[in-house]
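Residue numbers (our numbering): 118 to 170.
Note that the Cβ used here is the ideal one computed from N, Cα and C, for glycine as well.
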């Protein structure tokens, strides 16, 4: 599904879309939201090595 900038803002207002912290309006453009990543990175420990199907 693609949303235009007005729909993205409406979904954020309604709680149907969550981005925390909420980006400023200048970062919502067309069908995109520009986000910035912080300086922290989290890795998760693998609990399984194989997946049997």
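- When rounded, the separation of the alpha-carbon atoms in residue 144 and residue 158 is 22 Å.
- Under DSSP, the beta-bridge partners assigned to residue 146 are 149.
- Assignment of residue 120 by DSSP, reduced to helix, strand and coil, places it in the coil class.
- In the structure shown, residue 154 falls within a coil segment according to DSSP collapsed to helix, strand and coil.
- Here the alpha carbons of residue 137 and residue 163 stand approximately 27 Å from one another.
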